[in-house]
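Working notes, beginning with the structure itself.
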Amino acid sequence: MAIVLPLQLFVLEPVIGKSYYENLAGGINAAVTVNNISDHPVQLVLTRVNAPVITYTIPAFNSLTLQVHALLVAALLSTPSGTTFGFIEISTSDF
423 MAIVLPLQLF VLEPVIGKSY YENLAGGINA AVTVNNISDH PVQLVLTRVN APVITYTIPA
483 FNSLTLQVHA LLVAALLSTP SGTTFGFIEI STSDF
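As structure tokens, this is what we get:
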């Protein structure tokens, strides 16, 4: 069964990070979509079970969708270049 979590707006001042999803009970398969509608890049930081932390940079006015196996934490981090804003959506699945 899939669960689509509510669309979340993010506004991050320079060099500020925030977690938008946490599953510390063993991880879950998920799809993560980030829409960056600001004129500065934002970083998506993913922590998975028994895997290294992965960071993706989403450039200004771009989006990224990833399918992630055994997701523990999904967070966003703004860069020193300026305030970032946009939307993040996470869908979980037990497939």
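Just so you know, we're using the numbering used here here: the sequence shown kicks off at 423 and counts up by one.
We treat Cβ as the ideally placed atom computed from N, Cα and C, and that holds for glycine.
Computed from a predicted structure; not experimentally measured.
Where the beta strand (DSSP E) through residue i begins and ends
i           : result
residue 444 : 439-444
residue 508 : 506-515
residue 431 : 430-434
residue 425 : 424-426
Simplified DSSP assignment, three categories, for residue i
i           : result
residue 491 : strand
residue 451 : strand
residue 476 : strand
residue 497 : strand
residue 471 : coil
residue 485 : strand
Contacts around residue i, its chain only, beta-carbon distance under 8 Å, and the 5 residues preceding and following it disregarded
i           : result
residue 425 : 513, 514 and 515
Neighbourhood of residue i by C-beta distance below 6 Å, restricted to the same chain and skipping five residues each side
i           : result
residue 457 : 485, 508 and 509
residue 503 : 462
Pair within 7 Å by beta-carbon distance, residue i and residue j
i           : j           : result
residue 450 : residue 493 : yes
residue 460 : residue 506 : yes
residue 477 : residue 467 : yes
residue 487 : residue 455 : yes
residue 453 : residue 489 : yes
Sequence-distant residues of the same chain with beta carbon closer than 7 Å to residue i, five excluded per side
i           : result
residue 445 : 493 and 494
Any non-hydrogen atom of the ligand ADP within 6 Å of residue i CB
i           : result
residue 447 : The ligand ADP is not among the ligands present in this structure, which contains no ligands whatsoever.
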